[in-house]
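Residues in the sequence shown are numbered consecutively from 2, following the numbering used here.
All C-beta atoms, glycine included, are put in the ideal place defined by N, C-alpha and C.
Remember, it's a predicted structure, so these values are computed and weren't measured experimentally.
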Amino acid sequence: MTSFPDQSPSQDQRAATAAGAAPGQACQVFAAGDIFVSSGVNSGDGLGLPDEVESGDIYQLELGAAPSRLLLEAAADCGAQRVAPGSAVGQAGDLVQLVARYTLMADDGDRVELLLIRIGQDGADALWVLPLSPVSDRAEYALLAVEVSPRDARLTAMMSLSFARGTRISLASGRMVAIETLRPGMKLLTRDHGPQELRHIGRASLRAIGAFAPVVILAGTFGNSGDLFVGQHHRMFLYQRHKLPGLATSELLVQARHLVDEEHVFIREAGVTDWFSLIFDQHEIIYAEGIPVESLMVNDATISRLPPQFASEVRAQFPGLAHLQHFGTEAGRQFLDSIGGPTHWRSRGASGKSRAGAVTNDSGAERDTAPGVSGQSSEDRTRPG
């Protein structure tokens, strides 16, 4: 039987993680002016208040518009939510109000829902848009319906996307199998706790556009044995042998989108992606295509971002379950750029092994790999829309 060293977080480590954890909930929003009328009565205007918009107007997302991360304090009633410290939008303590929900139809027939929200004081700069469905800057959307002050809308209704169909996950034996073949009860290899039983698998199929398009990490980029397709906000586990100034830990959790370099790591918009999320009794670091990544972290914030059916399943199967985040410091793109960018962890040149299952490059960064990985490209993870 394989022996796994005890790498469970200490009390001090958990405290460090808790101190660096993002508060409340997070969602991605666009400035209201980024979604504008390209044809219609209000031509040239950004998405406005309910009494200002006209049914039938054609809207587009500004070419190249990027969403901003809105952090919210945890609250049961989304209508009473406030901006949390560290948010890229608004000021800490600002009231976040639901103004309206707009239903639009894309030129290919897909229905899209947008929430118009007001953050802080009145004025055009206070209006933001939260897409509840994928939106693309290459499509046109006709306004169909307006619902003022919707009561059932969740500001964090964006799904926590994890792995695309075809991603190979390491079993307890070290053998890798396609994620769609996994079943609850199977034991998977984890970085810190050896074999752990898989408790639940979430599934969803979504158009691969905008925030719903996968990040593609080409085979070999970080030691991964095949092309890895993950959600933009899904976090990769990176290890820095020597703790850097300003960081609480040597272990980093980095959202996949922060690793994009448009060459080895990029966002792919095409067709439909079948998504899978894996849940354990605790937040784990597992191996996808041979490299360490997080499992789905279950708490009130993440459950609120799941599709309603998936969220109901999780609540029914795991009443009261609330994961603590795995030990590690969450690092953003600004920090990565300060140490040379994602290439700091990329496979390059000659490398030596500093410990079992970890390959060290000449920058001092380590790349964990599961036993028995090999360099081969995997099949396409998207299917035609």
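Asked	Found
Residue span of the beta strand (DSSP E) that contains L133, given as start and end	It is not in any beta strand (DSSP E) - L133 carries neither H nor E in the DSSP assignment.
Integer-rounded CB distance, given that V315 should sit under 8 Å from H201	7 Å
Bridge partners - V97, DSSP secondary structure assignment	I120
C-alpha distance - V136 paired with E148, whole-angstrom precision	19 Å
Integer-rounded CB distance, given that F230 should sit under 8 Å from V217	6 Å
Cβ shell of A89 (< 6 Å), same chain only, five flanking positions each side left out	S69, R70
Supposed close pair T168, E290 - CB separation, criterion 8 Å	7 Å
Sufficient close CB pairs (3 or more, under 8 Å) joining the region 181–198 to the region 252–271	no
CB contact flag (G203, S278, <8 Å)	yes
Within 8 Å, strictly: CB atoms of Q233 and I268	yes
I180 - DSSP class collapsed to helix/strand/coil	helix
Rounded separation between L172 and A179 - CA only	10 Å
Pairwise C-alpha distance: D126 and Y288	43 Å
Integer-rounded CB distance, given that Y103 should sit under 8 Å from L144	6 Å
For A257, three-class secondary structure by DSSP	helix
Three-state class that DSSP yields for E285 in the structure shown	coil
Short Cβ contact (8 Å threshold) for Y142 with M106	yes
Reference L72, options L96, S44, V294, closest by Cα	L96
Contacting residues, own chain, Cβ-Cβ under 7 Å from A32 (five flanking each side not counted)	W129
Run of the beta strand (DSSP E) containing I210, from where it starts to where it stops	Note, I210: premise wrong, no beta strand (DSSP E); not H, not E.
Burial state of Q122 (16 or more Cβ within 10 Å)	exposed
Spatial distance of E198 from M298 (CA atoms)	15 Å
DSSP three-state assignment for A317, whether helix, strand or coil	helix
For L172, the three-state DSSP class (helix, strand or coil)	strand
Reference L337; option with closest CA among I292, R208, A257	A257
Cβ shell of G47 (< 6 Å), same chain only, five flanking positions each side left out	A33, G34, F37
Coarse secondary structure for L337, derived from DSSP in three states	helix
L207 and D138 closer than 8 Å at C-beta	no
Spatial distance of E270 from F213 (CA atoms)	8 Å
Contact set for G45: own chain, Cβ-Cβ below 8 Å, skip 5 residues either direction	F37, V38
Paired residues, beta bridge with R70 - DSSP	Q29
Separation of T222 from E264, as counted between CA atoms	10 Å
Cutoff 8 Å; reference R184; Cβ partners in own chain excluding five residues on either side	L199, I202
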